[in-house]
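Here's the structure we're looking at; comments come further down.
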Amino acid sequence: MITSILISKDKNELKIKSELENIKRITVFDLLGRKVFDKEAIDDNEFHTSNITLNKQTIIVKVTLTNGKMISKKVIY
Numbered sequence: 072m073i074t075s076i077l078i079s080k081d082k083n084e085l086k087i088k089s090e091l092e093n094i095k096r097i098t099v100f101d102l103l104g105r106k107v108f109d110k111e112a113i114d115d116n117e118f119h120t121s122n123i124t125l126n127k128q129t130i131i132v133k134v135t136l137t138n139g140k141m142i143s144k145k146v147i148y
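If you count the sequence shown from 1, you need to add 71 to reach the working numbering.
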């Protein structure tokens with residue numbers, strides 16, 4: 072099964088949407104591997120946050136779905 076995760080940025084808000092499975096957890100890292108954001112127990116197919124204070128740098132967004140699958144994507148934030 073192919074799982075599609077859409078990640079977008081609107082001003083200071085990061086938006087993450089899963090098209091097939093609900094999102095269980097979202098973890099965001101900077102390029103040095105430091106954890107800059109972590110949210111558990113989401114249990115929804117869409118998540119929005121403005122609690123990440125990074126400007127103009129690449130981040131790695133790791134999404135864990137309710138079926139246990141993990142997907143990581145790079146995003147310029």
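C-beta atoms are modelled at their ideal positions from N, C-alpha and C, and glycine is treated no differently. Quick caveat, the model's predicted, so the values are computed rather than measured.
- Around the beta carbon of L102, fewer than 16 other beta carbons lie within 10 angstroms, which makes this residue exposed.
- Note that the C-beta distance between I94 and F118 is below 9 Å.
- In the DSSP assignment, L103 is bridged to no other residue.
- Pairing S75 with S89, the inter-Cα distance amounts to about 6 Å.
- Within the same chain, and ignoring the five residues on either side of T135 in sequence, the residues whose Cβ sits closer than 7 Å to its Cβ are K95, R96 and M141.
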